Each structure stands twice: as C-alpha cells, then as structure tokens.
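Heads up: the structure comes next, in structure tokens.
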Ligand code: CTP
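Residue numbers (the UniProt record's numbering): 1 to 398.
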C-alpha cells in the first residue's frame, strides 16, 4: 500500500522514524513529506534513507511530476505524526502553503493525525475546534498520551507509542468504517486486586489484553475512549485516556464517574466478587499456631449497578451496556442467565481455564444479545473479537 507519512515540526519527529520503519518493514511503500520545520528536528537524509524515496517539503521540486497533487491522489493512507497545532489548524482551514498541506487537500484516502504538543496548545479552544472540524470530516485524530513533555512538565500532549499509532493506521488502511465517531466509550480492563495487607492481595489471572483490544479498536473506529485499567502492564493504546486503578472499589468509582456521559460502557475487567473483610495495616507475620483465616466481604456488582442505574434514569444512559462472562462450564446457559440478571444489552461469553483465554493473544467468544440471536465469533486475535463487539454495538447507537 502507498502510505504518506507527514511529519510536522515537533520534537516528537524522531519517534516518526520508528513509525516509518514499522510501515516499510511490513511491506508498505512510504513517501515521507516533512514540513520545513520538521527538518530542524530530523534531517532529510534520515527520511530519505529510511523510506528509500526522495523527500521534499515544498511544491517547487520535480514540478514536472506535479507532486502537490500526485502524492495525495496516489496515497492509500496519509498519517501525520507528529501533528503540531499549526498543521492541524492549516488542515482544518484548507490552507495549502507547502507539500504536506497540499497533499492533505488532494488525498481522498483515510487520513490519521497523531497530534503532539504542549498541554496548553492541545487544550486551547482554537485547537479543540480544529480537531472537531477534522473529525467531523472523517479524519481520525488520535488523542495524545498523557506524560512527560519536552521539558520537565507533564500532561496530555505526548505522541503515543509509534507501535500503537501503527495499529490505528493498519486498521484505517483496511477501510474499517468510523462507525463510532463522536461516541464516548468507557472500557474497563484487567483484573482487580483486593488487599489483605500492604504486601498481599487476592487477584486473578486477567492480563487486560481483551479490554485493551476493545479500547484500541474503538479509537480506530472514531470513538472517544476512557480505559479504566486495573493492574495492567501493557502499553497504553494510542488515543485512549487511561485511568489506572487497583481494587474493585477504585474501579467502581472510576467507571461510574466516566459512565455518566458515556454512550457505551463495556465491562471487560475481571472484578473480584469478594474482598478481605478486613485490610491489615501492617504485614501479617507468620505465627507458630494455626494461620489466621481470611474472612471475605462481598464487592458491589458494578455491571449490575450500571444496569439498574440506567433503568432508574429512564433507559439510555449509557445507550449500550456490555458485559463479559468467563465461564468454565455450561457456558451458554450461564451466560444467558447472567445477561438477564445484570440488565445489559450484550454479554460476551468465553470459556476460561488454565490455558484458555487469560493472557493469550487469541480467543473465541459468543456474543449474547438481549432480545436477539447470539453471534458466534470464531477463534482469532482479540482485536477481531473486539471488532465483533463493536459491530454488534454500532447499530444500537443509531
Ligand atoms: N462484574 C462487575 N462487578 C463485579 C463482578 C463482575 O461489574 N463485582 C462484571 C464483569 O466485569 C463482567 C461481568 O460482570 O462484565 C461478569 O462477571 P462474572 O464474574 O463472570 O459474573 P458473576 O456475577 O461474578 O457471576 P458468577 O460468579 O456466577 O460467575
């Protein structure tokens, strides 16, 4: 496929070299179109050597090839990483003063922007309006990650991990529809840990892979995603706002807060049903006699609470509520009962065991649908399961 990598003048330009390599190594033909300022950070020879293609910034070189039109017209994907506030503004307003902005105006393929800038610039009403305009026109604008910026300051504005930007681009190349554009989605992922004392906990084997796949694919389909992650060690999916939690109580608080203005809530996290009734402030020491028993108390069922809260509020907040069920036996019967009991619209059921589902890249599932036929999702990558979930969610949002 023909990919145009636009690079604008931000310090994160060096990370675009890695993105470029991911494209070339997977067989794509990449034309790098930097802005003049981008070349202050990473020089033309680097882009030319890594892409194997000529690199120009303005429309006055190789004029006989009409590059200001041809490059955009021929592209299967244009990705701008990093996208500065300046290039977002130019793209939103249709300015065409250099080769990159000309390319953006002539491209009819999917366009992905990965902004990176200081927090103040990202949050400025002018940038917010430009991002909204670009999204309305069908471009994917990946929210920047939160973290360390150029200096000692931190906040939203970091370029996401190049490998995660690459994932969004691969999906855009496959031509998936932006059927979640403008939708607010909350996904919980991972497994909660319930403290026994300061060093010990009761936990479970959930890796967070399925929840992260749901977040990643929702971003790629245009959604604004809040990912509530319980004890997950995976890289943040590009574009998702990640809220880290530990226990079921923390997860509940984060999910209920984010769910307030959400269109969709997906509870993919493995939430502990019980917690130690008492949390010791000091580490429990071994004693000579019998070990002290750990008494358990019941945790609130967050999914069921979301279901009943929605009922009380008149039925459409959130519009779609999705649960997961991990079952070791009587998978479908248990799933159907759970779907009804928890008041959700969809329930993704999978069989779990020592080597099934947990921590593996692949899974198989059945999506149970309230008032509809179940959907079988064959064994495949967790991204495919996630897409099948969004395929079932999207029509319910129309
Ligand atoms: N869940 C939740 N809060 C809990 C427990 C589970 O929100 N305290 C959610 C999970 O995130 C998942 C769904 O409920 O979406 C199913 O969880 P599961 O543990 O399988 O269901 P249980 O109600 O615990 O049923 P059982 O113990 O009978 O399997």
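The C-beta atom is built at its ideal place from N, Cα and C for all residues, glycine as well. A quick note: this is a predicted structure, and the numbers were derived from the prediction, not measured.
Item	Value
Identified DSSP bridge partners for residue 197	200
Cα-Cα separation, residue 256 to residue 323	15 Å
Residue 243 - DSSP class collapsed to helix/strand/coil	strand
Close Cβ partners of residue 219 (< 7 Å) along its chain, the five nearest in sequence each way excluded	142, 168, 225, 237, 238, 239 and 240
Nearest-angstrom Cα separation, counted from residue 275 out to residue 252	14 Å
Which of helix, strand or coil DSSP assigns to residue 290	coil
Given residue 294 as reference, the closest of 364, 94, 230 and 194 once Cα atoms are compared	194
Secondary structure, alpha helix (DSSP H): runs of 4+ residues fully inside the stretch 81 to 105	85 to 93
Cβ distance (whole Å) where residue 265 is taken to contact residue 214 below 8 Å	The Cβ separation is near 11 Å, so there is no contact.
Alpha helix (DSSP H) segment containing residue 387, residue limits	382 to 397
Proximity test, residue 195 beta-carbon vs the ligand CTP heavy atom, cut-off 7 Å	no
Which of helix, strand or coil DSSP assigns to residue 224	strand
Residue 245 vs residue 262 beta-carbon contact at 8 Å	no
Exposed unless 16 or more other CB atoms sit within 10 angstroms - verdict on residue 123	exposed
Beta-carbon gap between residue 31 and residue 98 smaller than 8 Å	no
Residue 26 burial status per 10 Å Cβ neighbour count (16 or more: buried)	exposed
Residue 306 versus residue 393: straight-line alpha-carbon distance, rounded	17 Å
Beta-carbon gap between residue 149 and residue 157 smaller than 8 Å	yes
Cα-Cα separation between residue 202 and residue 280, rounded to whole angstroms	13 Å
Entirely enclosed alpha helix (DSSP H) segments - the stretch 243 to 321, minimum 4 residues	248 to 259 and 302 to 312
Complete beta strand (DSSP E) runs within the stretch 143 to 195 (minimum length 3 residues, chain order)	145 to 148, 154 to 158 and 184 to 190
Residue 398 versus residue 388 - alpha carbon distance	17 Å
Where the alpha helix (DSSP H) through residue 119 begins and ends	119 to 123
Classification of residue 329 by the beta-carbon crowding that lies within 10 angstroms, buried from 16 upward	exposed
Beta carbon of residue 159 nearer than 8 Å to that of residue 114	yes
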